[in-house]
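Numbering (my numbering), first residue to last: 37 to 397.
Working notes, structure below.
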């Protein structure tokens with residue numbers, strides 16, 4: 037049952053027009069948002085959305101650390117989840133006066149899962165928000181053309197947190213390492229990408245481990261990545277992708293065995309294959325709509341160097357086959373995590389089924 041919503045109306049405080057001008061900017065680049073927060077500038081309502089969770093988490097963390105002290109966090113920081121939250125309670129909390137502080141931070145995660153009436157109530161609050169509260173709304177992927185998000189764009193500062201392109205990731209990782217007082221070879225970053233993809237959360241996690249692993253060593257190189265992460269000097273996931281893309285079973289099995297012998301995690305291999313076949317499915321989907329090759333590269337953020345090979349590999353598998361393969365990958369993941377069957381056998385059978393469609397030799 038919805039609670040009672042306490043809407044208080046007051047004359048706009050001095051500086052409110054300035055706040056409104058900030059809000060009216062609509063979309064803001066993530067880097068610009070960070071600069072403003074670090075400078076102590078803020079607006080009453082932020083809306084974070086996009087598929088790069090690392091940027092969302094970091095951005096919200098910057099707001100919390102800047103405007104909520106550790107000693108008052110229990111009183112002035114509230115977190116709600118859209119799938120279970122009562123919008124009236126969110127609004128009432130946002131109108132609450134901060135305790136022994138000038139600002140309160142209210143965070144709503146999975147905003148897209150809030151009921152339609154709940155979203156509308158939040159939008160109503162955003163039209164006249166409390167000047168003592170920073171309301172942070174978070175959604176991973178939403179259609180910004182929908183009415184509620186169009187309304188939010190007019191009343192909240194929208195911060196888009198989208199994934200980086202393949203070519204942008206090495207620049208980001210190197211800067212991250214440089215900020216920590218070390219450096220990393222480009223070849224080492226590429227090897228990390230080959231194993232983990234472009235998920236910044238995973239890449240940063242492994243990079244932090246690498247910096248601890250090398251200790252006093254100033255420059256991280258390929259050898260460090262191989263030793264810590266378990267990637268073969270001779271074979272990596274890119275080469276496994278290429279072998280599967282050519283439907284070459286013998287080479288796929290050879291690469292798989294080499295990777296396992298050098299310590300590659302079985303679950304990690306399945307994850308990388310899921311990423312690969314999801315990419316092939318998206319390529320086929322776009323090409324069926326007569327999208328040009330260059331536009332496919334832009335939409336899927338595939339570096340030009342890999343684009344032609346990826347499109348050619350997508351032609352090797354039908355959409356029906358890829359759907360079946362995605363199910364096989366899910367089954368393999370379940371078996372690896374719960375079965376007593378040899379992990380090598382599970383993966384070899386998986387490759388056999390992917391390339392030939394057969395369940396046994």
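Glycine included, C-beta positions come from ideal geometry on N, C-alpha and C.
All figures in this text were calculated on a predicted structure; none of them were measured in a lab.
Per the Cβ contact rule, the stretch 162 to 171 is in contact with the stretch 80 to 88 (3 or more Cβ pairs under 8 Å). Counting only runs of 4+ residues, the alpha helix (DSSP H) found wholly inside the stretch 243 to 301 occupies 258 to 265, 273 to 281 and 285 to 297, in chain order. Around residue 232, the same chain offers 238 and 239 as residues with beta carbons nearer than 6 Å, after the five sequence neighbours per side are excluded.
Rounded to the nearest whole angstrom, the C-alpha separation of residue 369 and residue 386 is 10 Å. Residue 385: member of the alpha helix (DSSP H) spanning 379 to 392, first to last residue. The residue among 316, 348 and 331 with its C-alpha nearest the C-alpha of residue 357 is 316.
DSSP assignment within the stretch 143 to 204 yields the following whole beta strand (DSSP E) runs of 3 residues or more, N-terminal first: 169 to 175 and 193 to 196. Note on geometry: alpha-carbon atoms of residue 249 and residue 264 lie some 8 Å from one another. With a beta-carbon spacing of about 11 Å, residue 243 and residue 205 fall beyond the 8 Å limit used to define contacts. For the alpha helix (DSSP H) assignment, the uninterrupted runs of no fewer than 4 residues enclosed by the stretch 81 to 132 are, from N- to C-terminal side, 89 to 103, 109 to 112 and 123 to 131. Using a C-beta cut-off of 8 Å, the stretch 207 to 223 makes no contact with the stretch 342 to 352, since fewer than three inter-stretch Cβ pairs fall below that distance. In the structure shown, the three-state DSSP call for residue 327 is coil. With respect to the C-alpha of residue 123, the residue from 304, 64, 383 and 159 having the closest C-alpha is 159. Cβ neighbours of residue 311 within its own chain (closer than 8 Å, five residues either side excluded): 233.
Under the 8 Å Cβ criterion, the stretch 102 to 114 does not count as touching the stretch 187 to 202, having fewer than three qualifying pairs.
Taking a C-beta distance under 7 Å as the contact criterion, residue 196 and residue 86 qualify as a contact pair. Bounds of the alpha helix (DSSP H) holding residue 67 are 66 to 74. In the pairwise beta carbon analysis, the stretch 319 to 338 is classified as not touching the stretch 284 to 292: fewer than three pairs are separated by under 8 Å.
By the CB criterion at 7 Å, residue 223 and residue 258 fall inside the cutoff. Within the model, the alpha-carbon separation for residue 154 versus residue 215 is close to 41 Å. Under DSSP, no beta-bridge partner is assigned to residue 213.
Within 10 angstroms of the beta-carbon of residue 88 lie 16 or more other beta-carbons, which makes it buried.
Judged by DSSP in its simplified three-state form, residue 337 adopts coil rather than helix or strand.
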